[in-house]
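Residue numbers (our numbering), protein chains in the order written: chain S, 1 to 116; chain L, 1001 to 1109. Before any comments, here is the structure.
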């Protein structure tokens, strides 16, 4: 099976712009979770989608949003970028069912976002 | 809400053992363990569920104390390939998921 893919792998944006990141889960996985990873804060949970519905949400401002399509692919959007949004954004897929957080998660390689 | 891991960093010689601890202030449904090597994505090691069920790799062992909201990961007879940062992840009864602060493990020859 193909693994989790994320595009683009690298992005450079300036403050105030917006950005959309994409994640394609493993075939058959219905849950997609997004995480922000920074040296100072570690791995922070953003949100989880299951069957096109946001099921769980972390403690991030409303500038961070996401969606999931009927084929389980997911996108994450960050509007009005700030310098502090520079991070590695990881998505992870799992079979779902009882809740993505209860199952083994398979991570993609991440998108490295740099905000100047 | 973010679980706390200890130690923050540990250096081992090949063949030595290590224990990594994870402690949460919230009631937990499950604890997950992942390892991340530098420049790579986290890789699943184990899940421990409330009630005692475990799913994971044969060579990894861990414990989950539901009452104390704590988990420990046991690495025995360490190999060079064990080096990386270990994260615990906790799923609370409110269905929130949090990764721990991370433990850097370095195995030297």
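Here a beta-carbon is modelled for each residue, glycine too, at the ideal position from N, C-alpha and C.
- Of the candidates S:22, S:38, S:51, S:38 places its Cα closest to the Cα of residue 84 of chain S.
- For residue 1013 of chain L, the closest of L:1100, L:1036, L:1097, L:1078 by C-alpha to C-alpha distance is L:1078.
- Secondary structure note for residue 33 of chain S: its beta strand (DSSP E) is the uninterrupted segment 31-38.
- Contact of residue 56 of chain S with chain L is assigned, a C-beta pair being separated by under 8 Å.
- Residue 1109 of chain L is classed as exposed because its beta carbon has fewer than 16 other beta carbons within 10 Å across all chains shown.
- By the rule that beta-carbons nearer than 8 Å mark a contact, residue 108 of chain S touches chain L.
- Taking 4 residues as the minimum length, the region 49-74 of chain S contains no alpha helix (DSSP H) run wholly inside it.
- In the DSSP assignment, residue 1082 of chain L falls outside any beta strand (DSSP E), carrying neither H nor E.
- Comparing alpha-carbon positions, the option among L:1061, L:1059, L:1098 lying closest to residue 1029 of chain L turns out to be L:1098.
- CA-to-CA, the gap between residue 1017 of chain L and residue 69 of chain S works out to about 45 Å.
- Spanning the alpha carbons of residue 96 of chain S and residue 1107 of chain L requires a straight line of approximately 35 Å.
- According to DSSP, residue 1045 of chain L shares a beta bridge with no other residue.
- DSSP places residue 1039 of chain L in the coil class of the three-state scheme, outside both helix and strand.
- If you compare the alpha carbons of S:107, S:18, S:108 with that of residue 62 of chain S, the shortest gap goes to S:18.
- In the three-state reduction of the DSSP assignment, residue 113 of chain S falls in the strand class.
- In the DSSP assignment, the residues bridged to residue 1013 of chain L are L:1108.
- DSSP places residue 81 of chain S outside both helix and strand once states are collapsed to three, so it counts as coil.
- In the three-state DSSP reduction, residue 1018 of chain L falls in the strand class (E or B).
- Taking C-alpha positions only, residue 1038 of chain L is separated from residue 1067 of chain L by approximately 34 Å.
- Residues of the region 25-58 of chain S whose Cβ lies closer than 7 Å to any Cβ of chain L, in chain order: 42, 43, 45, 56.
- Under the criterion of beta carbons closer than 8 Å, residue 6 of chain S and residue 91 of chain S qualify as touching, at roughly 6 Å.
- Selection S:40, S:115, S:113, S:108 evaluated against residue 4 of chain S yields S:108 as nearest (Cα-Cα).
- For the C-beta of residue 90 of chain S, the chain L residues within less than 7 Å are, from N- to C-terminus, 1041.
- Contact with chain S is absent for residue 1020 of chain L, since none of that chain's Cβ atoms lies less than 8 Å from the residue's Cβ.
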